[in-house]
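Everything on this sheet refers to the single structure shown next.
Protein chains: 4
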Amino acid sequence: MIKVSVVGITGFTGLELIKILLNHKGVEIAHLCSRSRVGEPIFKVYPQFSGVIERVVEPIDVELLKESDLVFLALPHTVSSGIAKSLFGKTKIIDLSADFRLKDPTVYSKWYGVEHPAFELLGEAVYGLSELNREMIAQAQLVANPGCYATSVILAVAPVAQFLEGAVIADSKSGVSGAGRGFKEGLEFCEVNENFRAYSVSGHRHIPEMEQELKSFNENIRIAFIPHLLPVQRGILSTVYMQVEREMDFFKLYSDFFNGDYFVRVVNSPPSLNSVKGTNFCDIYPYYDRRTKRLIVVSVIDNMIKGASGQAVQNMNIMFGLDEKEGLGGFVFYP
Amino acid sequence: MIKVSVVGITGFTGLELIKILLNHKGVEIAHLCSRSRVGEPIFKVYPQFSGVIERVVEPIDVELLKESDLVFLALPHTVSSGIAKSLFGKTKIIDLSADFRLKDPTVYSKWYGVEHPAFELLGEAVYGLSELNREMIAQAQLVANPGCYATSVILAVAPVAQFLEGAVIADSKSGVSGAGRGFKEGLEFCEVNENFRAYSVSGHRHIPEMEQELKSFNENIRIAFIPHLLPVQRGILSTVYMQVEREMDFFKLYSDFFNGDYFVRVVNSPPSLNSVKGTNFCDIYPYYDRRTKRLIVVSVIDNMIKGASGQAVQNMNIMFGLDEKEGLGGFVFYP
Amino acid sequence: MIKVSVVGITGFTGLELIKILLNHKGVEIAHLCSRSRVGEPIFKVYPQFSGVIERVVEPIDVELLKESDLVFLALPHTVSSGIAKSLFGKTKIIDLSADFRLKDPTVYSKWYGVEHPAFELLGEAVYGLSELNREMIAQAQLVANPGCYATSVILAVAPVAQFLEGAVIADSKSGVSGAGRGFKEGLEFCEVNENFRAYSVSGHRHIPEMEQELKSFNENIRIAFIPHLLPVQRGILSTVYMQVEREMDFFKLYSDFFNGDYFVRVVNSPPSLNSVKGTNFCDIYPYYDRRTKRLIVVSVIDNMIKGASGQAVQNMNIMFGLDEKEGLGGFVFYP
Amino acid sequence: MIKVSVVGITGFTGLELIKILLNHKGVEIAHLCSRSRVGEPIFKVYPQFSGVIERVVEPIDVELLKESDLVFLALPHTVSSGIAKSLFGKTKIIDLSADFRLKDPTVYSKWYGVEHPAFELLGEAVYGLSELNREMIAQAQLVANPGCYATSVILAVAPVAQFLEGAVIADSKSGVSGAGRGFKEGLEFCEVNENFRAYSVSGHRHIPEMEQELKSFNENIRIAFIPHLLPVQRGILSTVYMQVEREMDFFKLYSDFFNGDYFVRVVNSPPSLNSVKGTNFCDIYPYYDRRTKRLIVVSVIDNMIKGASGQAVQNMNIMFGLDEKEGLGGFVFYP
């Protein structure tokens, strides 16, 4: 049994990690820590777990955490890298924040507005997009778990990146849980319900992450990316438009690219959030529009699972040589 | 391993049964049958199961079904009892339709508008409200799985039924999945969304079921019951108002009554659908209003799980001497 | 043209007042005031009004407000009565807060937790339930506009209040706009959407208001009232259960009671929020359940209109001898 | 007073026309006709209009309709042109179907799968995008009211069409009312709610309409257009990506282009459905992304109003020399 701990359990990604790990047959949960609500039973933080989880919220104690084989950090960026510095070398780390996703600390500074708090570790971090970096993840001491939007877009683009001309257009739509738990201006029910809007039009932090990872397939990749807020709890659907001059059998090309990847399903009709909500799947549908020479790819994920905690556990399974699917057998939230 | 089959898998309760049984460690699924779509892979009926379930929809073949230790019938009423007649005596049966819930065939005729198709079996059927009839369920050959509304109201009333004066008022609100899968007039998105309404005001079929079961606690019980349609997928919340002249420690009374019942949680603040959605729990909150001498009880369940397929599996576990919780460890759909 | 002003325009009731008054042919808007955002154009507060409303938010200046024929106060309780004191005698007032609804200042103190800030005016205030108090409203200098829940319940009960035995059970369900604009804990999208819950189970502030007004019909009236939060923007549906021993022609009784009341429609099938959302109507459906001797009445209103700003304008029309319907001809928000 | 009739009132666009026309000071409603429910009071078709509209549904009688100054046809395509043929020359016509939008009958046949039922009238029809074709509309006997998606995309593209290189990418998201009233497979509440999906990926019928109208600005225009289904009642948001090599002051360019157009608002932050829902406005936000040389334009409309019945009335106002805003002063549905 692998001993794992989760740091940052009062947010949605921490909660989702707990739910997955409790059903995982290969792990034993060592510590569940948070900066707030220390000492309270977890069923006080989440009344839904009354009778289900007996544990108490623990403080973040690096000495105790070191006893774990793996620590998941589900903390805000900049906070996360601080803890990571103390833990690195003593335990494996999967960081769900943005802190170790960008290789170049100047790019980090530009997009996150602060100097990188642990740039000395950037060289150690492996970008944890499981399907693309499986072998490096297997060896990693520190995995930077990808952003939710980035996951949905990179998987849609990677198979054809080498054939692209011009900029990629990625139009993404996300459920509200992507914004995290707790109050944020503009996320009141009366503002989101029956509404829809674009945001971060002038630049979203997942753009450098997407371009960095896709550069290994195409040095010149550039992405125009606009995220939108859907009035639903969960799920991201990205519609990606790419200029490809020559028609190919894209269904086969995608299927071959993801051959052996259980969690990526290349499908032959447009998928919906209902196809994946509650699961670790990414469903991808490619369609070539001859009139405009655009390859249009629709990809869907559950932002909390394949877009965050599920992929984190998938990466853990890879790091410890477990079945990649272990713990990730949840069924769709439908109806 | 118990061999189980499900008949009627194209509806929501059948789908939910499949999802639960696939995670159940004590069963082996023998046959998945339906009246329609026979021969198609299940992932054609539910694209969400692509790559997850390989099986094909089978026709309803009584000879094959007899090889099962247990058959779940997830069929419309009147259809269900027809199949049950053929199977009775050869295999155990849990019927999720309304056909065997009412002991008195004249009451059935009155509320369902047809003569009972299998009244000779009525004496064999045990009403499958797990917490109340556990011992009879353990011995049963035929279990009538309770209605969703009935489950939420009976559990709220039973502990105090003997103390009641006057009629019980049960005001229930249900998510739309309770109406089943497929088109029904008035269930279009534009009619349900941003809307709310009462229905079956002149009498809902779950009333005789509630009164029949509560009569064992109080011969004179009468219930005024109004269901309402919530613009959500899942969940039932019932607010029950009961006249009790003398104040008692109702929290203790309810806790004692359900002592040892893992799936009933007596809680000390009003529960929400979020407390139970995705689980087999029924959360119950009692509050005594001295001003009006009304005991007000709020109960919540997931209509698809404790209100249907989850309780069916709970009953199966009881019938076969398994851990009552087996297969029912799902976590809340939250966020 | 009547000169009217609105104080408190950054909240939902203030916004709704502006929308109604701009379409009202008998009024001229003098001042639109607020405690916050003074000096900003209204289309900065509500971008939806860009190009539609040119006015600027004004400070609350009692000297200027006195020039109005009528001032609407759309302010929090306790704040409202402070302004009302300064204005009383100089201009007519319609107060949409709770400050002047309760005749007895000790009852106010009990439910609102503070001493009444202007108890000397309580004797002057008329409870503005238009259909019940039309003649007193016509003469009033100060109208206390009713609470939204109170409106929906009082109209459902008043016609039969004299026949009732035992406590009235009022089970109400409200859309989220009833909680006002801006952040409140528990009203985040991810907490309200796909959820449903009861609240204020131990006592809601609209109870004394309901009982006070219904006492003129039945001295012994007592109400058990539980509000619930619906995942919709607008609307209240109240299901009211009343013990009436003798069956009557309740449809006729209600129709006669509201004869001549344009905004109350007695209907012969259960109404939905869609019946009234966006309008000043209250639809009422009575049904007598012989089995339990309960008269069950379903009433629906738009909480922002008949439950707040619409009824306020209806009261203004009565006070100034205008057509009661003027300005209130909006159509349902459907689809 | 202009005498107007509406043919096809049981659908959503017909309903919306009635609501607008009842508030229009320059018209008198002559006939409200339908193929179904003839003879029933309109408040039977729409219970929400009980007490508000007294009229009865009339049959479609061309002789009677000819007495109108203008007839709105809110009928399915192919049905609409049949009626139009009988009426043309006797009364002005605004057709809300797709029948007269495409100038070329072979293009119509290709996209609608049937021969055009009234191709002899195609030369008479004016495409009713009010802001672009105001002068021709003023002279027209037959106006083809634009499609909802087409309206949102054409207004976003027209001002810069002459500067574009490569294909335009139009990613649109629509509320469910765009699919019309009544049951359609896949539009059940449980399928749409908490879900999101692309549809008509292989080609939507509004594409030829968009390209036809934009060709007058740029002969080589080509559009890749993907519509998506939002879980909301109303509203379309289109995110349009256009390659423009040289940066300009696009805010000024758009503002100048729509100078004098009351119903198009060029805005300086991304608009939401809440900005326009319930109104005839189209809000447009241009943003230039230097990194990718893409001009990104977000446009929002209410699909039932500016996307259908509101624009139809705007066109009527233009045809009869009325104030273009008359009858279209509705406020946003917010909260």
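Protein chains in written order, with my numbering: chain P, 1 to 335; chain U, 1001 to 1335; chain L, 2001 to 2335; chain Z, 3001 to 3335. Quick reminder that beta carbons are idealized off the backbone N, C-alpha and C, glycines included.
If you measure from the beta carbon of residue i to each beta carbon in chain Z, is any gap under 8 Å?
i         : result
L:Arg2055 : no
L:Arg2291 : no
U:Ser1081 : no
U:Phe1183 : yes
L:Lys2019 : yes
L:Met2304 : yes
P:Val71   : no
Could you tell me whether the Cβ of residue i comes closer than 8 Å to any Cβ of chain U?
i         : result
P:Pro335  : yes
Z:Ser3309 : no
P:Asn195  : no
P:Phe12   : yes
Per DSSP, residue i is paired with what?
i         : result
U:Leu1295 : U:Met1242 and U:Tyr1288
U:Ser1172 : U:Pro1227 and U:Ser1238
L:Asp2283 : L:Arg2265 and L:Val2300
L:Lys2092 : L:Leu2070
Z:Pro3041 : Z:Val3056
Z:Val3004 : Z:Ile3029 and Z:Leu3070
U:Ala1198 : U:His1228
U:Val1143 : U:Ile1094 and U:Val1126
P:Ser152  : In the DSSP output, where bridge partners are listed per residue, P:Ser152 has none listed.
U:Glu1063 : Answer is none; U:Glu1063 lacks a bridge partner.
Which term fits residue i, buried or exposed, when burial requires 16 or more other beta carbons within 10 angstroms of its beta carbon?
i         : result
U:Met1316 : buried
L:Arg2339 : Within the shown structure, residues of chain L are numbered from 2001 to 2335, placing residue 2339 of chain L beyond reach of any answer.
U:Pro1059 : exposed
L:Glu2209 : buried
Z:Thr3091 : buried
L:Met2136 : exposed
L:Val2114 : exposed
Could you confirm whether any beta carbon from chain L is found closer than 8 Å to the beta carbon of residue i?
i         : result
Z:Lys3337 : Since the first residue shown for chain Z is 3001 and the last is 3335, residue 3337 of chain Z is missing from the structure and cannot be characterised.
Z:Pro3047 : yes
Z:Gly3147 : no
Z:Asn3133 : no
P:Ser177  : yes
P:Glu188  : yes
P:Val192  : yes
U:Lys1110 : no
U:Ser1287 : What sits at residue 1287 of chain U in the sequence shown is Tyr, not Ser. Yes, because at least one Cβ of chain L sits closer than 8 Å to the Cβ of U:Tyr1287.
U:Arg1294 : yes
U:Val1201 : yes
Under a CB-based cut-off of 8 Å, is residue i close to chain P?
i         : result
U:Val1240 : no
L:Leu2155 : no
Z:Pro3208 : no
Z:Ser3272 : yes
Applying a beta-carbon distance threshold of less than 9 Å, which residues of chain A neighbour residue i?
i         : result
U:Ser1050 : Annotation note: the requested chain A is absent from the structure, which comprises protein chains P, U, L and Z.
Proximal residues, the segment 3313-3335 of chain Z versus chain L, C-beta separation under 9 Å: Gly3329, Gly3330, Phe3331, Val3332, Phe3333, Tyr3334 and Pro3335
Give, in chain order, every unbroken run of the alpha helix (DSSP H) that is at least 4 residues long and sits entirely within the segment 3099-3139 of chain Z. 3105-3112 and 3134-3139
So if I threshold CB-CB distances at 7 Å, which residues from the segment 219-238 of chain P count as touching chain U? Gln233 and Arg234
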